[in-house]
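Single-structure report; data block below.
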Ligand SMILES: Nc1ncnc2c1ncn2[C@@H]1O[C@H](COP(=O)(O)OP(=O)(O)O)[C@@H](O)[C@H]1O
Ligand SMILES: [Mg+2]
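Chains as they are written, first to last, in the working numbering: chain C, 147 to 438; chain A, 353 to 619.
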């Protein structure tokens, strides 16, 4: 029973990280219908940026964290402005090729600068953050990521629900020609969604880096898990991404705990294929509102 | 004389995808404070004309290849929709393009995109004043609204942008006559009370000519007739093809021949 509960806690914590980063992926897809194959590299870039700022430049952790978020946000903006924008209106396959190209380029650059070794952040999370319940423990890194993640979700919930810019972003995802007709700056919305995506990727990347160490290959392959997550949750559903992330996280830890650790890494993809066979649009994809 | 002209289309041609020519030398004038109606049957090029004005041709790979569009005296042809909307031209698209997953009030708030960050409470009140039906449903998702409510919503959303020139594309399409009447009355009030200049594209010539000051008839990408709205309403050709009220009488056979000629010229 305790083992079960520990796996449950681990699974939800891990899934929460997947969910957070999948949000960025879904946001880009919703606003501009672009599938971002450089997702894992955005995770890695965020993690390495934090490594440089916190461990190498020795900045205070909060400052390093803030600069990492600002840096990733700007990077997302730049990616859209210099690469994606040229391809607005081009065929889907060209846009996919571009993001695949970006992912290879970023990965190459990171390998060139940091090599393929595992780097570690310096210890900075206070031990007091961890929670123990009898024999079940939640390590402080998970607690920290939970708190930050939930704060972030609330913040963005408010942003999209109440702020004008958030409403403009949703209008573009909903009906692009109508948004254009009202003067919504559609390209700015695309850029903003890339920026936000890069930012949430960086947050997940940092937490994954704390848990597993910072490694280019590791982080970019974790990035690939966004596909089972969003296929499960529906490419265009923010709520679905969160549920999808948590389900995949749970599946992984339970497979690892009860069946075998070697199966753990493939189980998300097995589920992906099964779901695609049954429900091609994902479990939580938006249901079209039908006119009666 | 010059400065009471809001919009001037000077012999414009529009081509889609570099090969499909849709407008062939269209000229028209919209004076400040007027309602100008653009009539014509399906496929005549009415929507294309509006999109040429609002800049929405661009995303559809269309282009003004000849002629000029002057708005308040300055050329605007082939500008981007972001620029044109910020100058005060707002097009209300054909077919009631609401944001399905946004509430009524959120839909209206998208209308503030041209002046992001400025206060909008007064404008919301104004829209609810003209369209009280929207007020009681402001928290409902637009995807669940009826056709009449949606037409009010998209028009109200256009008003939120405080337009100087509002382009309405077939507001009556598919609505029950009583709703059409209500909507046209509101259009007239907006014009009279707010002083908004309007261009009204319609197939429902009867209703359009009741509130318009001036009218143009378009066929096959060309303006084939223009005149004061009252004169246009009395014009036999317009009566026959657009109002469906041709005078019947003894000269029927002669009229048939004549209308055949007209038909050939127009269609
Ligand atoms: N994006 C487009 N590409 C090519 N042809 C178009 C496009 N939009 C409209 N057309 C053509 O232009 C003509 C006029 O269309 P439109 O302006 O929509 O007419 P109306 O609004 O008067 O019904 C039609 O023959 C239509 O097929
Ligand atoms: Mg039309």
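Think of the CB as a built atom: it goes at the ideal place given N, C-alpha and C, for glycine as much as any other residue.
DSSP-derived helix/strand/coil call for residue i
i: residue 209 of chain C; result: helix
i: residue 598 of chain A; result: Low local confidence applies: a pLDDT of 49 at residue 598 of chain A is under 50, so the model's placement there is unreliable, with the coordinate-based value given in what follows. Note: residue 598 of chain A maps to coil in three-state DSSP.
i: residue 308 of chain A; result: With chain A covering only 353 through 619, there is no way to say anything about residue 308 of chain A.
i: residue 465 of chain A; result: helix
i: residue 357 of chain A; result: strand
i: residue 427 of chain A; result: strand
i: residue 264 of chain C; result: coil
i: residue 278 of chain C; result: strand
i: residue 447 of chain A; result: coil
i: residue 370 of chain C; result: helix
i: residue 238 of chain C; result: helix
i: residue 182 of chain C; result: coil
i: residue 574 of chain A; result: strand
i: residue 297 of chain A; result: There is simply no residue 297 of chain A to check, as chain A begins at 353 and stops at 619 in what is shown.
i: residue 419 of chain C; result: helix
i: residue 582 of chain A; result: helix
i: residue 376 of chain A; result: strand
i: residue 424 of chain C; result: helix
i: residue 611 of chain A; result: Below a pLDDT of 50, predicted positions are generally treated as unreliable, and residue 611 of chain A, at 49, falls in that range; no measurement from the model is reported.
i: residue 411 of chain C; result: coil
i: residue 432 of chain A; result: coil
i: residue 254 of chain C; result: helix
Run of the alpha helix (DSSP H) containing residue i, from where it starts to where it stops
i: residue 385 of chain A; result: It is not in any alpha helix (DSSP H) - residue 385 of chain A carries neither H nor E in the DSSP assignment.
i: residue 562 of chain A; result: 557–563
i: residue 567 of chain A; result: No alpha helix (DSSP H) contains residue 567 of chain A, which is instead part of the beta strand (DSSP E) from 566–571.
i: residue 148 of chain C; result: 148–178
i: residue 399 of chain C; result: 384–400
i: residue 505 of chain A; result: 499–512
i: residue 358 of chain C; result: 332–358
i: residue 298 of chain C; result: 286–308
i: residue 327 of chain C; result: 322–327
i: residue 485 of chain A; result: 484–487
i: residue 540 of chain A; result: 529–541
i: residue 455 of chain A; result: Unbroken run through residue 455 of chain A: none, as it is neither H nor E.
CB of residue i within 8 Å of CB of residue j, strictly
i: residue 566 of chain A; j: residue 575 of chain A; result: no
i: residue 457 of chain A; j: residue 403 of chain A; result: no
i: residue 525 of chain A; j: residue 406 of chain A; result: no
i: residue 460 of chain A; j: residue 508 of chain A; result: yes
i: residue 308 of chain C; j: residue 465 of chain A; result: no
i: residue 389 of chain A; j: residue 581 of chain A; result: yes
i: residue 433 of chain A; j: residue 408 of chain A; result: yes
i: residue 352 of chain C; j: residue 196 of chain C; result: yes
i: residue 235 of chain C; j: residue 394 of chain C; result: no
i: residue 368 of chain C; j: residue 222 of chain C; result: no
i: residue 378 of chain A; j: residue 399 of chain A; result: no
i: residue 506 of chain A; j: residue 443 of chain A; result: no
i: residue 320 of chain C; j: residue 445 of chain A; result: no
i: residue 174 of chain C; j: residue 340 of chain C; result: yes
i: residue 380 of chain A; j: residue 397 of chain A; result: no
i: residue 462 of chain A; j: residue 337 of chain C; result: no
i: residue 397 of chain C; j: residue 413 of chain C; result: yes
i: residue 361 of chain C; j: residue 242 of chain C; result: no
i: residue 290 of chain C; j: residue 301 of chain C; result: no
Chain C residues whose Cβ lies nearer than 7 Å to that of residue i
i: residue 445 of chain A; result: 323, 324, 327
i: residue 449 of chain A; result: 321, 323, 324
i: residue 501 of chain A; result: Ordered by position in chain C, no residue passes the 7 Å Cβ test against residue 501 of chain A, which lies about 12 Å from the chain.
Under 8 Å by beta carbon: chain C residues contacting residue i
i: residue 411 of chain A; result: 235, 323, 326
i: residue 423 of chain A; result: Simply none; closest approach about 15 Å.
i: residue 438 of chain A; result: 329
i: residue 406 of chain A; result: 327
i: residue 433 of chain A; result: 326, 327, 329
Closer than 9 Å at the beta carbon, the chain A residues around residue i
i: residue 310 of chain C; result: 461, 462, 464, 465, 468, 469, 472
i: residue 316 of chain C; result: 451, 453, 454, 458, 462
Contact set between residue i and chain A, taken where Cβ atoms lie within less than 8 Å
i: residue 313 of chain C; result: 454, 458, 461, 462
Span of the beta strand (DSSP E), counted from its first residue to its last, around residue i
i: residue 552 of chain A; result: 549–554
i: residue 518 of chain A; result: 517–521
Under 9 Å from the C-beta of residue i: neighbouring residues of chain C
i: residue 442 of chain A; result: 327, 328, 329
Review point. When you check each C-beta in the region 476–489 of chain A against every C-beta of chain C, which residues fall closer than 7 Å?
Key: none
Review point. Listed from N- to C-terminal order along the chain, which residues in the region 387–398 of chain C have their beta-carbon within a distance smaller than 9 Å of any beta-carbon of chain A?
Key: none
Check your understanding: Just by C-beta distance, which residues in the region 508–540 of chain A are closer than 7 Å to chain C?
Key -> 509, 513
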